[in-house]
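Taken in sequence, the protein lines are chains Y and Z. Using the numbering used here, read the first sequence as starting at -15 and increasing by one per residue. Using the numbering used here, read the second sequence as starting at -15 and increasing by one per residue. Note that the Cβ used here is the ideal one computed from N, Cα and C, for glycine as well. The structure appears right after this line, and notes come after that.
There are 2 protein chains.
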Amino acid sequence: MNNPLSFSVKKTEGKARMGELVTPHGRVETPVFMPVASQATVKTLTPVEIREIGFQIILSNTYHLYLRPGIEIIEKLGGLHKYMGWDGGILTDSGGYQVFSLSRLRKLTDEGVVFRSHIDGSEHLLTPELAVQYQEALGSDIAMVLDECPAHDVSYEKTRLSMNITHILAKRCLDTHTRVDQALFAIIQGGTSPELRRHSAEYLTSLDFPGYAVGGLSIGEPKEVTAAVIDETLPYLPENKPRYLMGVGSPEDLFEGVSRGIDMFDCALPTRVARNGALFTPEGRVNISNARFTRMEEPVVSGCSCYTCRTFSTSYLHHLFNAKELLAYRLATIHNLTFISELMKGIRESIADGTFESHKAQFLSQYQTTNEQVRVSQKEKWLKAREDFD
Amino acid sequence: MNNPLSFSVKKTEGKARMGELVTPHGRVETPVFMPVASQATVKTLTPVEIREIGFQIILSNTYHLYLRPGIEIIEKLGGLHKYMGWDGGILTDSGGYQVFSLSRLRKLTDEGVVFRSHIDGSEHLLTPELAVQYQEALGSDIAMVLDECPAHDVSYEKTRLSMNITHILAKRCLDTHTRVDQALFAIIQGGTSPELRRHSAEYLTSLDFPGYAVGGLSIGEPKEVTAAVIDETLPYLPENKPRYLMGVGSPEDLFEGVSRGIDMFDCALPTRVARNGALFTPEGRVNISNARFTRMEEPVVSGCSCYTCRTFSTSYLHHLFNAKELLAYRLATIHNLTFISELMKGIRESIADGTFESHKAQFLSQYQTTNEQVRVSQKEKWLKAREDFD
């Protein structure tokens, strides 16, 4: 099929891969983390800042953009890159996950899904054909197929049914897709079943997509399960295509994903927790609102290369959060995204040097993980939404 | 008295003056507008952006900084410039106006005022000696005396009493002030009475301050009254000292103030209305939330030099406001402050060229003014607060 991307693995260490993905909007070094710009903005930041932090590709959401400002407006004004002033790579999610997680699902038919907007409750139809048409109108570099993502704890039979729906949706997306400067990625489903994951990978790779995502993970299942599912899925994906783990982005999970062979990640976590005052440090997250920071002259992370740490004391950032000043959310976002950008850079360099495993071990020995399910709150909404369907 | 400032008027046209004020933190071209950074941040912006927009001096508030994070913390961390990462000029207001406008005044004694914090209701004492001590600790380039600002519509007798208190406060501030790299400005009061204004100017200039503010204006009185009071006050101020009109900052009022001989202005209006979606254009303010902007490809102001207009369509800014994205408030602030910065630059250039009056006439013939009392909501709180006192 049509593939405007070129992808090459340049170095491996165990299953970890270091490489390069060339998109119609520039080169992306992998493994890569994509910051989330659901509503055509990485919250609080300008495109200039995203570039300065070091990102080469971001993620945006068809679901959000469809509801606001509307796909047709963005298309009329020259596409998503121009609309949001970003000349790097863009991957768009299809809207499938959001329809099940954010909106209230109304009806699943042979044609597609009828859902209600989480903004105003209005009713909308999403079909695989529309999901592709919208993403072609947005002009992202990488579009995603529409998929159906089951909860991690439903029965084998329901997971199988859901996987089969995903396969039908993927084929319909592929048959619809025509834009030559946009790649369409498939999404492997199959829940926690090794058999279903293998079947899903084998079926979807037979259709020869330019890239493959592992979907349906980080939605409430234990982390060992996430790891096991990745291990059971990746051997059935082609070596020469990028592998994308959706919705993953805590420092510890990025290391885990890379060590299992993942090339691409996205997650709202680093930016969302920043706005809540949780800042990444090599020792784990700190809560900037804590009174112990009131008089701290040092930056949040000594030696950190981010604008926030280069310019301001921890005391100042603490003050801005305490006073609910809008600059607070921005400075924290810059710090957390710089932390993740530098973390991915360190991962790539260590794979190139053949020191990834020791680098990972060293990082994790210092970093106090937060036992948090990244998308738990979304998952709860989503399980609720599925009651209509199950 | 001690004067670390050098001020020179380079060109005049009528009463309008174009000149230069040199502070311990750099040169300031006058007439100048100072953006407001009450809580040690020009809301939403970094110091780098404030500089890029073209500002050379900003205003911060002793009252706010005293309550949060606390004067002693800022002093311990190296002073206000270092704390907020701003190496340009800083003028600090004394806290007098805020005590009467924002807080709930409890008691006026010979020593000073006891007020309640607008944040947590806690009780605090502010004296002229403390107001100076706090501003010396902050290390601003220009400190303001503590003053007592009467409502514009109280009796002559009350205005006179209030003016006399202001004079006592000013003298006590002057007697306390020692910091050699900081100038202390006096504040002329006297309400709407030409006699009292003249008396206040004559008394305070006899003390030889390095600069003089006209206080007690733009607090609800008709604009003709504001203009008349300025005209009645300025002839009694020395020509070789800067004249500062406090709390004024709408485009039309800046032109009016300059034409009457004012050199310095500050106001929260341009940044506050930006966050509410009101953007300055040469034709007046527009409300970005208006549906007519939904599909507008052009920037808010064609040819505008600001980052927002150079980068984004009006449609995109409309979308960000509609989606309540934090970037919206920032892009609007950049636009409005650039508009004001460019407006002041145009004013200075036109005085230099001897074309100020025609430039002013041309601007005002296009610009639809908003008949708004800049500080009305503050004034209401303040009148209420004064009930305890009157």
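How about phenylalanine 392 of chain Y: is its C-beta nearer than 8 Å to some C-beta of chain Z? A query on residue 392 of chain Y cannot be resolved here, the shown segment of chain Y reaching from -15 to 374 and no further.
Name the residues in the segment 275 to 306 of chain Y whose C-beta lies less than 8 Å from a C-beta of chain Z; which are they? Thr278, Arg279, Glu281, Tyr291, Thr295, Phe296, Ser297, Ser299, Tyr300, His302, His303, Leu304, Asn306
Beta-carbon gap between valine 116 of chain Y and histidine 48 of chain Y smaller than 8 Å: Locating residue 116 of chain Y in the first sequence gives position 132, where the first residue counts as 1. Locating residue 48 of chain Y in the first sequence gives position 64, where the first residue counts as 1. Not closer than 8 Å, so no.
Residues of its chain near glutamate -3 of chain Y, where Cβ-Cβ distance is below 6 Å and the 5 sequence neighbours each way are ignored: Residue mapping note: residue -3 of chain Y aligns to position 13 of the first sequence, counting from 1. So the list reads Ile335, Gly338, Phe340, once near-sequence residues are dropped.
What is the DSSP secondary structure of glutamine 352 of chain Z, counted as helix, strand or coil? Here residue 352 of chain Z corresponds to residue number 368 of the second sequence, with the count starting at 1. Glutamine 352 of chain Z: strand per DSSP, three-state reduction.
Under a CB-based cut-off of 8 Å, is threonine 256 of chain Z close to chain Y? Here residue 256 of chain Z refers to the residue found at position 272 of the second sequence. Looking at the sequence itself, residue 256 of chain Z is arginine, so the reference to threonine does not match. Under the 8 Å criterion on CB atoms, arginine 256 of chain Z is classed as non-interfacial with respect to chain Y.
DSSP on histidine 108 of chain Z, reduced to helix/strand/coil? Here residue 108 of chain Z refers to the residue found at position 124 of the second sequence. DSSP places histidine 108 of chain Z in strand when its eight states are reduced to three.
Does chain Z have any CB closer than 8 Å to the CB of lysine 60 of chain Y? Translated into the one-based positions of the first sequence, residue 60 of chain Y becomes position 76. By this cut-off, lysine 60 of chain Y is an interface position.
So which residues of chain Y does alanine 252 of chain Z contact, with C-beta pairs closer than 8 Å? Against the second sequence, residue 252 of chain Z aligns to sequence position 268. Near alanine 252 of chain Z there are no residues of chain Y at all, since even the closest Cβ is about 14 Å away, more than 8 Å.
Go ahead and label isoleucine 126 of chain Z buried or exposed: buried means 16 or more other beta carbons lie within 10 angstroms of its beta carbon, across all protein chains shown. Here residue 126 of chain Z is taken as the residue at index 142 of the second sequence, counted from 1. By the neighbour-count rule (16 or more Cβ atoms within 10 Å), isoleucine 126 of chain Z is buried.
Using a Cβ-Cβ cutoff of less than 8 Å, which residues in the same chain neighbour leucine 114 of chain Y once the five nearest sequence positions on both sides are dropped? Here residue 114 of chain Y refers to the residue found at position 130 when the first sequence is read from its first residue. Hits under 8 Å: Gly96.
Interface flag, isoleucine 403 of chain Y vs chain Z, CB-CB below 8 Å: Within the shown structure, residues of chain Y are numbered from -15 to 374, placing residue 403 of chain Y beyond reach of any answer.
Taking 8 Å as the threshold (C-beta atoms), are arginine 276 of chain Y and threonine 317 of chain Y in contact? To locate residue 317 of chain Y, count along the first sequence from 1; it is residue 333. To locate residue 276 of chain Y, count along the first sequence from 1; it is residue 292. Taking 8 Å as the Cβ cut-off, threonine 317 of chain Y and arginine 276 of chain Y do not qualify as a contacting pair.
With DSSP collapsed to three states, give me the class of leucine 5 of chain Z. Start at 1 with the first residue of the second sequence, and residue 5 of chain Z comes out as number 21. Strand, per DSSP.
Selection from Y/Thr111, Y/Glu179, Y/Pro19, Y/Gly54 that minimises the alpha carbon distance to glycine 38 of chain Y: Position 54 of the first sequence holds residue 38 of chain Y. Cα-wise, what sits closest to glycine 38 of chain Y is Y/Pro19.
How many Å lie between isoleucine 152 of chain Z and leucine 221 of chain Z at the Cα? The residue given as residue 152 of chain Z occupies position 168 in the second sequence. The residue given as residue 221 of chain Z occupies position 237 in the second sequence. Isoleucine 152 of chain Z and leucine 221 of chain Z: Cα-Cα distance of roughly 19 Å.
Status (buried if at least 16 other CB within 10 Å, exposed otherwise) for threonine 111 of chain Z: Here residue 111 of chain Z is taken as the residue at index 127 of the second sequence, counted from 1. By the 10 Å Cβ count, threonine 111 of chain Z comes out buried.
Residues of chain Z with a CB under 7 Å from the CB of threonine 375 of chain Y: which are they? Any answer about residue 375 of chain Y is impossible in this case: the structure gives chain Y only from -15 up to 374.
Curious, which full-length beta strand (DSSP E) runs of at least 3 residues does the segment 161 to 239 of chain Y contain? Runs found: 167 to 172, 196 to 198, 227 to 229.
Extent of the continuous beta strand (DSSP E) run through serine -8 of chain Y: The sequence position of residue -8 of chain Y within the first sequence is 8, counting from 1. DSSP places serine -8 of chain Y inside the beta strand (DSSP E), whose first and last residues are -10 to -3.
Among residues of its own chain, excluding the 5 on either side of isoleucine 58 of chain Z, which ones have a beta-carbon nearer than 8 Å to its beta-carbon? As a working mapping, residue 58 of chain Z is identified with position 74 in the second sequence. Around isoleucine 58 of chain Z: Ala24, Leu49, Leu64, Tyr67, Ala121, Leu122.
Rank Y/Val164, Y/Thr150, Y/Phe193, Y/Cys157 by C-alpha distance to the C-alpha of serine 184 of chain Y and give the top, closest one. Residue 184 of chain Y sits at position 200 when you count from the first residue of the first sequence. Closest by C-alpha distance to serine 184 of chain Y, out of Y/Val164, Y/Thr150, Y/Phe193, Y/Cys157, is Y/Thr150.
If you measure from the beta carbon of proline 53 of chain Z to each beta carbon in chain Y, is any gap under 8 Å? Looking up residue 53 of chain Z in the second sequence gives position 69. Any Cβ of chain Y closer than 8 Å to the Cβ of proline 53 of chain Z would place that residue at the interface, and such an atom is present.
Identify the continuous beta strand (DSSP E) that holds glycine 268 of chain Z and give its terminal residues. Against the second sequence, residue 268 of chain Z aligns to sequence position 284. It spans 268 to 271 - the beta strand (DSSP E) in which glycine 268 of chain Z sits, taken as one unbroken run.
Residues of chain Z with a CB under 9 Å from the CB of methionine 68 of chain Y: which are they? In the first sequence, the residue the question calls residue 68 of chain Y occupies position 84. Simply Phe296, Tyr300.
For isoleucine 126 of chain Z, the residue or residues it bridges with in DSSP: Start at 1 with the first residue of the second sequence, and residue 126 of chain Z comes out as number 142. Answer is Z/Leu75, Z/Ala167, bridged to isoleucine 126 of chain Z.
Cβ of lysine -1 of chain Z within 8 Å of any chain Y Cβ: By 1-based counting over the second sequence, the position of residue -1 of chain Z is 15. With 8 Å as the cut-off, lysine -1 of chain Z does not count as an interface residue toward chain Y.
Quick check on isoleucine 34 of chain Y: does DSSP put it in helix, strand or coil? Taking the first sequence and counting its residues from 1, one reaches residue 34 of chain Y at position 50. The answer is helix: DSSP assigns isoleucine 34 of chain Y an H, G or I state.
Express the C-alpha separation of aspartate 192 of chain Z and glutamate 223 of chain Z in angstroms, rounding to a whole number. Walking along the second sequence from the start, residue 223 of chain Z turns up at place 239. Walking along the second sequence from the start, residue 192 of chain Z turns up at place 208. When rounded, the distance between both Cα atoms is 13 Å.
Lysine 363 of chain Y at chain Z interface by Cβ criterion, 8 Å: On the first sequence, residue 363 of chain Y is found 379 positions in, with the first residue counted as 1. Unreliable placement is indicated for lysine 363 of chain Y, whose pLDDT of 49 sits below 50; the coordinate value is still reported in the next sentence. Judged by the 8 Å Cβ criterion, lysine 363 of chain Y is not in contact with chain Z.
Run down chain Z in chain order and give the residues with a C-beta less than 9 Å from the C-beta of leucine 321 of chain Y. Taking the first sequence and counting its residues from 1, the one referred to as residue 321 of chain Y is at position 337. Here the premise fails: no neighbours, minimum Cβ distance about 14 Å.
Going by beta-carbon coordinates alone, are serine 255 of chain Y and lysine 27 of chain Y separated by less than 8 Å? For the purposes of this step, residue 255 of chain Y is taken as residue 271 along the first sequence, with counting starting at 1. For the purposes of this step, residue 27 of chain Y is taken as residue 43 along the first sequence, with counting starting at 1. Note on identity: in this sequence residue 255 of chain Y is threonine, with serine being the wrong assignment. Against a cut-off of 8 Å, the Cβ pair of lysine 27 of chain Y and threonine 255 of chain Y comes out as a contact.
Quick one: does threonine 46 of chain Z have its CB under 8 Å from some CB of chain Y? Counting from one through the second sequence, the residue named residue 46 of chain Z turns up at place 62. Answer no: the Cβ-Cβ gap between threonine 46 of chain Z and chain Y never drops below 8 Å.
Who are the Cβ neighbours of leucine 327 of chain Z in its own chain at under 7 Å, not counting the five residues just before and after it? Residue numbering aside, residue 327 of chain Z sits at position 343 when the second sequence is read from its first letter. Counting only Cβ-Cβ distances below 7 Å, and skipping sequence neighbours, we find Pro235, Leu238.
On the DSSP bridge assignment, give the partners of alanine 262 of chain Z in chain order. Numbered from 1 along the second sequence, position 278 holds the residue referred to as residue 262 of chain Z. DSSP lists Z/Asn271 as partners of alanine 262 of chain Z.
Unbroken beta strand (DSSP E) run spanning glutamate 13 of chain Z, endpoints: By one-based count along the second sequence, residue 13 of chain Z stands at place 29. Here the beta strand (DSSP E) through glutamate 13 of chain Z covers 10 to 14.
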